[in-house]
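Student: Below is the structure I would like to discuss, written out as structure tokens.
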Amino acid sequence: MFKTIVCVKAVPDTSSPIRVRTDRLTLELEGIPWVMNPYDEYAVEEALRIKEREGSGQVIALSLGDPRAKEVLRIALSMGVDEAVHISASTNDGMDSQSIARSLARVISDMQFDLILCGRQAVDWDSAQVPSALAEFLDLPHIGMVTKLKVDVVGRMVHALRQVEGGSEWVEAALPCVIGANKGLNEPRYPSLKGILAAKKKEIPEWGGGLPGNGAEKGELQASRLRILSLAPPPARQSGRVLQGEVSDRVRELVRLLREEAKVV
Amino acid sequence: MRANNSGVWIVAERWGGRLRRISLELAGEGRRLADQQGGKLTAVIWGEGWGEHASTLGHYGADRVLCIGDSRFDRFDAAACARALERLLESDPPSVLLGGATSRGKDLFSRLAARLGVALASECISLSWKDGELTAVRPVFGGKVLATVTWEGQRPWLATLRPHAFPLPEPDLSRRAEVVEVDPDVEAEAWKSRILETVADPGAMVDLSEAEIVVAGGRGLKGPENFRLLEDLARVLGGAVAASRAAVDAGWRGHECQVGQTGKVISPKLYLACGISGSVQHLAGMSSSRCIVAVNKDPDAPIFKVADYGIVGDLFTVVPLLTEEFRRLLGSRGEDEDAPLSPQP
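Quick note, the sequences are listed as chains A and B, same order.
So the first sequence is residues 704 to 968, counted in this note's numbering.
So the second sequence is residues 246 to 590, counted in this note's numbering.
What follows is the structure, given as structure tokens:
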């Protein structure tokens with residue numbers, strides 16, 4: 704049976720503003736809606752489509768983090784994944800993505816699987832490291848930024864179209880491998896009412912093995928880590944000038960300002 | 246691995262046989278960081294025709310260029326390249342290793358960080374030394390927050406640099422790097438994937454993440470066919486065309502054009518937003534642009550709050566007039582690229 708693992712993460716909804724607390728070290732993340740990382744939705748959808756296409760298979764969703772992880776696993780279940788596992792950690796504000804990938808790899812190395820699907824990056828800390836690092840820790844191929852995926856279950860190969868700056872490339876790799884899903888891969892489904900009801904009844908087991916470093920165990924060979932020194936909002940932009948007058952005059956004035964004042968053209 | 250010398254390494258990236266602009270930006274920033282610590286700058290490059298690129302990297306600041314001549318590296322594979330770099334680092338570990346925050350660069354650096362067991366700061370927009378420690382600024386939450394981070398523990402410290410965030414240095418054509426062909430002797434099992442076919446974007450005049458000028462359209466364009474107006478303007482300005490999430494989700498434009506938290510976060514010299522209202526997630530993706538112009542019918546659109554210059558009006562009138570005015574001033578450009586990727590042909 705073809706087994707797919709999908710890694711998902713809870714992130715603040717992208718339409719929410721993010722405020723830095725006065726300590727300039729932490730974020731005010733209470734009171735804003737949390738959602739499944741948008742790129743992970745493509746990963747979940749693709750896993751479900753592979754299973755539907757093959758007519759059989761198993762999809763297991765994993766999420767590492769605080770109790771919010773459980774909520775996104777519930778969403779994954781309501782979309783149709785078969786099992787969900789919460790890898791508990793005191794926080795998922797993991798600036799150190801390498802440590803997160805290491806923890807996931809440790810958990811996954813005890814599992815059976817044919818394919819690992821991840822979102823290309825989480826839209827909170829934007830590191831885009833976990834899929835590649837996970838592949839490296841597990842000694843597997845990784846294809847990231849994927850917008851088309853063909854899985855040959857019998858031939859044990861994948862063909863994926865990867866976006867690169869200025870173009871795209873078809874890449875092949877042997878299964879098992881890690882795929883980083885990009886926007887464009889598919890159109891994620893909405894959970895059905897039946898799915899939502901079924902997901903409510905499902906057990907989500909909690910496994911240990913969250914972040915090393917929070918209760919660091921020996922034998923974790925992380926030689927360095929990133930530490931946040933400060934957080935700040937980006938420099939505020941002054942709202943500028945709204946040009947007045949006849950349209951043609953305004954256009955001419957804009958061009959003059961761009962050349963002579965802003966000096967950008 | 247012991248890595249306590251003051252050296253800086255950069256990993257050059259190529260596309261279509263040319264050095265990407267980010268490779269030169271890396272050389273400039275690498276040079277600056279090395280000089281401040283009295284260290285040397287080493288560039289690493291691989292793939293067919295590395296010779297001419299090695300001398301270019303010298304012009305842009307590298308003291309030494311390590312060239313992997315092995316033709317198996319002609320087709321990029323992040324796992325094999327990470328293995329090769331690990332090998333090269335064994336004999337001569339620098340304190341800092343920089344790459345481009347590109348699709349390939351991020352893949353390679355994350356694998357390398359995992360191999361070395363070190364931390365990696367992605368998509369940095371500035372780097373600086375403080376008492377011998379390196380700090381980096383990186384936008385997080387799609388640019389809604391700027392994080393200043395540092396590395397704790399063993400070197401080398403790894404970072405990828407966001408394209409266009411660092412200045413393109415002036416080349417010094419008299420500067421010559423020591424060019425060394427190296428063979429990291431990578432075992433065949435290190436290759437994990439194979440590129441079968443590379444397709445350059447036919448529509449992309451200039452790649453969005455490297456463009457100095459970006460003309461972006463949103464819902465106000467009313468349909469995919471009207472992006473022609475933006476393409477005309479972009480062509481005259483030598484820029485790239487981008488789109489808001491609304492326009493991409495409507496299927497008017499490919500997702501590779503999307504600017505915002507779930508698309509590309511860019512900081513061009515000039516960002517022209519046409520018919521884009523300016524949602525929180527869109528503003529996150531473009532508000533670090535140097536100059537922002539907004540054209541929108543709605544005077545209350547949030548985009549005007551971040552725009553340096555605004556025109557409240559119908560984009561279907563304003564944009565063609567702008568194109569006409571710029572064409573009159575700049576002439577119609579035969580060349581699509583404003584800044585050459587590399588001084589070599």
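For each residue, glycine too, the CB sits at the ideal point set by N, CA and C.
If you're wondering where the values come from, they're calculated on a predicted model, not measured in any experiment.
Is M704 (chain A) helix, strand or coil by DSSP?
Tutor: The count along the first sequence starts at 1 and reaches residue 704 (chain A) at position 1. M704 (chain A) falls in the coil class under three-state DSSP.
Student: Going by other Cβ atoms of all chains shown within 10 Å of its Cβ, with 16 needed for buried, is R473 (chain B) buried or exposed?
Tutor: By one-based count along the second sequence, residue 473 (chain B) stands at place 228. So R473 (chain B) ends up on the exposed side.
Student: Here's the rule: buried if 16 or more other CB atoms are within 10 angstroms of the residue's CB, otherwise exposed. What is K966 (chain A)?
Tutor: Along the first sequence, read from residue 1 onward, the residue named residue 966 (chain A) stands at position 263. Classification of K966 (chain A): exposed, given that the 10 Å Cβ count is below 16.
Student: Pairs of beta-carbons, one from the region 428–435 of chain B and one from the region 314–333 of chain B, closer than 8 Å: are there three or more?
Tutor: Here the region 428–435 of chain B lies against the region 314–333 of chain B, with 3 or more beta-carbon pairs under 8 Å apart.
Student: Which residues, in chain order, does the region 805–832 of chain A contribute to contact with chain B at a C-beta distance below 7 Å?
Tutor: Here the close residues are V826, D827, W828, D829, S830, A831, Q832.
Student: Say whether chain A places a C-beta atom closer than 8 Å to the C-beta of F411 (chain B).
Tutor: In the second sequence, the residue the question calls residue 411 (chain B) occupies position 166. No, F411 (chain B) does not count as interfacial toward chain A.
Student: Please say whether G523 (chain B) and P547 (chain B) have beta carbons closer to each other than 8 Å?
Tutor: Indexing the second sequence from 1 puts residue 547 (chain B) at position 302. Indexing the second sequence from 1 puts residue 523 (chain B) at position 278. Yes, the Cβ-Cβ distance between P547 (chain B) and G523 (chain B) is below 8 Å.
Student: Which value, in whole angstroms, describes the spacing of the CA atoms of D545 (chain B) and Q941 (chain A)?
Tutor: Numbered from 1 along the second sequence, position 300 holds the residue referred to as residue 545 (chain B). Numbered from 1 along the first sequence, position 238 holds the residue referred to as residue 941 (chain A). Near 15 Å, if we compare the C-alpha coordinates of Q941 (chain A) and D545 (chain B).
Student: Do you know whose CA, among A:E733, A:V762, A:G948, A:L932, lies nearest C821 (chain A)'s CA?
Tutor: By 1-based counting over the first sequence, the position of residue 821 (chain A) is 118. Residue A:V762 is the option with its Cα nearest to C821 (chain A).
Student: Please list the partners that E397 (chain B) has in chain A, where partner means a Cβ-to-Cβ separation under 7 Å.
Tutor: Within the second sequence, numbered from 1, the residue matching residue 397 (chain B) stands at position 152. Ordered by position in chain A, the residues that pass the 7 Å Cβ test against E397 (chain B) are S927, R928, R930.
Student: When DSSP labels each residue in this structure, what does S812 (chain A) get in the three-state scheme?
Tutor: Walking along the first sequence from the start, residue 812 (chain A) turns up at place 109. Correct three-state label for S812 (chain A): coil.
Student: Any idea what DSSP makes of V856 (chain A), helix, strand or coil?
Tutor: Counting from one through the first sequence, the residue named residue 856 (chain A) turns up at place 153. Reduced to three states, the DSSP call for V856 (chain A) is coil.
Student: Taking 8 Å as the threshold, find out whether the region 396–409 of chain B comes into contact with the region 280–298 of chain B through three or more Cβ pairs.
Tutor: The region 396–409 of chain B, when compared against the region 280–298 of chain B, does not touch it at the 8 Å Cβ threshold.
Student: Which of the three DSSP states is assigned to W396 (chain B) in this structure?
Tutor: In the second sequence, the residue the question calls residue 396 (chain B) occupies position 151. DSSP places W396 (chain B) in the strand class (E or B) of the three-state scheme.
Student: Buried or exposed: M814 (chain A), going by 16 or more other Cβ atoms within 10 Å of its Cβ?
Tutor: The count along the first sequence starts at 1 and reaches residue 814 (chain A) at position 111. Exposed, by the Cβ-count rule.
Student: From D829 (chain A) to N740 (chain A), what does the alpha carbon distance come to, in whole angstroms?
Tutor: Here residue 829 (chain A) refers to the residue found at position 126 of the first sequence. Here residue 740 (chain A) refers to the residue found at position 37 of the first sequence. Distance between the alpha carbons of D829 (chain A) and N740 (chain A) is about 11 Å.
Student: Closer than 8 Å between beta carbons: that is the criterion. Which residues of the region 747–776 of chain A meet it against chain B?
Tutor: none
Student: Applying a beta-carbon distance threshold of less than 7 Å, which residues of chain B neighbour K853 (chain A)?
Tutor: As a position in the first sequence, residue 853 (chain A) is number 150, starting the count at 1. Ordered by position in chain B, no residue passes the 7 Å Cβ test against K853 (chain A), which lies about 12 Å from the chain.
Student: When the Cβ atoms of the region 508–516 of chain B are set against those of the region 525–537 of chain B, are three or more pairs found closer than 8 Å?
Tutor: Touching, per the Cβ criterion.
Student: Within its chain, find whatever has a CB closer than 6 Å to the CB of S268 (chain B); leave out the 5 residues flanking it on each side and keep chain order.
Tutor: Here residue 268 (chain B) corresponds to residue number 23 of the second sequence, with the count starting at 1. Scanning its chain for C-beta atoms nearer than 6 Å, with the 5 sequence neighbours on each side dropped, one finds around S268 (chain B) the residues A257, E258, in chain order.
Student: With three or more beta-carbon pairs closer than 8 Å as the criterion, would you say the region 748–755 of chain A touches the region 766–774 of chain A?
Tutor: no
Student: Which residues does DSSP list as the beta-bridge partners of P715 (chain A)?
Tutor: In the first sequence, residue 715 (chain A) corresponds to position 12, counting from 1. Beta-bridge pairing links P715 (chain A) to A:W737.
Student: At the level of alpha carbons, what is the spacing between V738 (chain A) and P715 (chain A)?
Tutor: Translated into the one-based positions of the first sequence, residue 738 (chain A) becomes position 35. Translated into the one-based positions of the first sequence, residue 715 (chain A) becomes position 12. Using only the alpha carbons, I get a separation of about 6 Å.
Student: For R777 (chain A) and A902 (chain A), which I take to be in contact (beta-carbon distance under 8 Å), what is that distance rounded to the nearest angstrom?
Tutor: For this step, residue 777 (chain A) is matched to residue 74 along the first sequence. For this step, residue 902 (chain A) is matched to residue 199 along the first sequence. Contact holds; Cβ gap of about 5 Å.
Student: DSSP state of R955 (chain A), grouped into three classes?
Tutor: Start at 1 with the first residue of the first sequence, and residue 955 (chain A) comes out as number 252. If DSSP states are grouped into helix, strand and coil, R955 (chain A) belongs with the helices.
Student: Spatial neighbours of A445 (chain B) within its chain, please: C-beta separation below 8 Å, excluding the five flanking residues on both sides.
Tutor: Residue mapping note: residue 445 (chain B) aligns to position 200 of the second sequence, counting from 1. Answer for A445 (chain B): G261, listed in chain order.
Student: Identify which residue in A:E749, A:E890, A:P936 has its Cα closest to the Cα of L818 (chain A).
Tutor: In the first sequence, counting from the first residue as 1, residue 818 (chain A) sits at position 115. Checking every option, the nearest Cα to that of L818 (chain A) belongs to A:E749.
Student: Suppose you measure from the CA of F760 (chain A) to the CA of Q832 (chain A); what does that come to, to the nearest Å?
Tutor: Walking along the first sequence from the start, residue 760 (chain A) turns up at place 57. Walking along the first sequence from the start, residue 832 (chain A) turns up at place 129. Per the sequence shown, residue 760 (chain A) should be read as Gly rather than Phe. Straight-line Cα distance between these residues: approximately 28 Å.
Student: Keeping to the same chain, check which residues put their C-beta closer than 8 Å to that of R572 (chain B); ignore five residues upstream and five downstream.
Tutor: For the purposes of this step, residue 572 (chain B) is taken as the residue at position 327 of the second sequence. Cβ neighbours of R572 (chain B) beyond the five flanking positions: V481.
Student: Verify the CB distance criterion: does A919 (chain A) have a CB-CB separation below 8 Å to chain B?
Tutor: Within the first sequence, residue 919 (chain A) is the residue found at index 216, counting from 1. Below a pLDDT of 50, predicted positions are generally treated as unreliable, and A919 (chain A), at 41, falls in that range; the measurement from the model is reported next regardless. No, its Cβ sits nowhere closer than 8 Å to a Cβ of chain B.
Student: At the level of alpha carbons, what is the spacing between K712 (chain A) and R953 (chain A)?
Tutor: The sequence position of residue 712 (chain A) within the first sequence is 9, counting from 1. The sequence position of residue 953 (chain A) within the first sequence is 250, counting from 1. Approximately 47 Å, taken between the alpha carbons.
Student: Is it a yes or a no for the region 942–961 of chain A touching the region 559–567 of chain B, going by three-plus beta-carbon pairs under 8 Å?
Tutor: yes
Student: So is L515 (chain B) in contact with chain A if we call contact Cβ pairs under 8 Å?
Tutor: The sequence position of residue 515 (chain B) within the second sequence is 270, counting from 1. By this cut-off, L515 (chain B) is an interface position.
Student: Just reading off the alpha helix (DSSP H) that W295 (chain B) is part of, what are its end residues?
Tutor: Here residue 295 (chain B) corresponds to residue number 50 of the second sequence, with the count starting at 1. First-last of the alpha helix (DSSP H) with W295 (chain B): 295–304.
Student: Under 8 Å, Cβ to Cβ, is there at least one residue of chain B near W910 (chain A)?
Tutor: The residue given as residue 910 (chain A) occupies position 207 in the first sequence. It does not; no Cβ of chain B falls within 8 Å.
Student: Can you tell me the Cβ-Cβ gap for Q399 (chain B) and A746 (chain A), rounded? I've got them flagged as a contact below 8 Å.
Tutor: Translated into the one-based positions of the second sequence, residue 399 (chain B) becomes position 154. Translated into the one-based positions of the first sequence, residue 746 (chain A) becomes position 43. Not quite, the Cβ-Cβ distance comes to about 33 Å (not below 8 Å), so this is no contact.
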